[in-house]
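For reference, the structure is listed below as C-alpha cells.
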Amino acid sequence: MPVTREVAATLEVPYTHAAKVVARLQHLGLVEARRGRGGGLALTSAGRAASVGGVIRELEGAGDVVDCDGAAPCPLRGACVLRGALRRAQEAFFASLDPLTVNDLVAAPTGPPLLGISGGSPAARMGAEGPEPGGRMADTHRLPPRLG
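If you use the working numbering, the sequence shown corresponds to residues 837 to 984, in order.
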C-alpha cells in the first residue's frame, strides 16, 4: 500500500500538504490510513462510491473563485456581475463531476493505466481478480498515489 510520503513524492507536493489532504480524506471516511509495518493508504467502500464533484467540494470548500473581499477588497464588488457568474460557473463545474465516482476513475479501461502510474503491476494494485462484476473494485483495492 502506498504511504503518504510516497504519495507526496509521486505528486511532487510537500509532504505536509499531502498529509493534510490524507487526514481530510480519512476524516471524511474516504481513505483508511494504517500506520506501521504493512500500513499505508487504502480506499474505503465509501471512498470508491464517492462522487468526484462531492469530494472536490469538500476539499475546496464553498469559497468564491475570486476573493473580492480579501485584504485589498475590490472597489467594484458592490455592483459586480462577474462574481455571481463565477459562482454559477464553479457550481456547474462541480455538478458536471457529480455523476462521476472515484471508482469510475479506477475501473477499466482507464483504471489499469492509472493504477500503473505509481509502479508495480496494475493487477497487483487492483487485487488478483481485478474489478468485481459491474466495474466495482474488490475490497482489497489500494489507493493509487495520484488519487491521494
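Glycine included, each C-beta is placed from N, C-alpha and C at the ideal position.
| Item | Value |
| --- | --- |
| Which value, in whole angstroms, describes the spacing of the CA atoms of GLY899 and GLY876? | 31 Å |
| How would you label PRO838, buried or exposed, when you count the other beta carbons within 10 angstroms and need 16 or more for buried? | buried |
| Under a Cβ-count criterion, where at least 16 other Cβ atoms within 10 Å of its own Cβ denotes burial, should THR840 be classed as buried or exposed? | buried |
| Does the stretch 873-887 touch the stretch 908-921, meaning 3 or more C-beta pairs lie closer than 8 Å? | no |
| Ignore the nearest five residues each way along the sequence and tell me which others in VAL901's own chain have a CB closer than 6 Å to its CB. | LEU922 and GLN926 |
| Take LEU933 as the anchor and find which of ALA844, SER887 and ALA845 has the nearest alpha-carbon. | SER887 |
| Start and end of the beta strand (DSSP E) containing GLY876? | 876-879 |
| I'd like to know whether the C-beta atoms of THR937 and ALA885 end up nearer to each other than 9 Å. | yes |
| Expressed to the nearest angstrom, what Euclidean distance is found between the alpha-carbon atoms of GLY890 and ALA931? | 9 Å |
| Assuming ALA869 and GLN862 make a contact with CB atoms under 8 Å, what is their CB distance in whole Å? | 5 Å |
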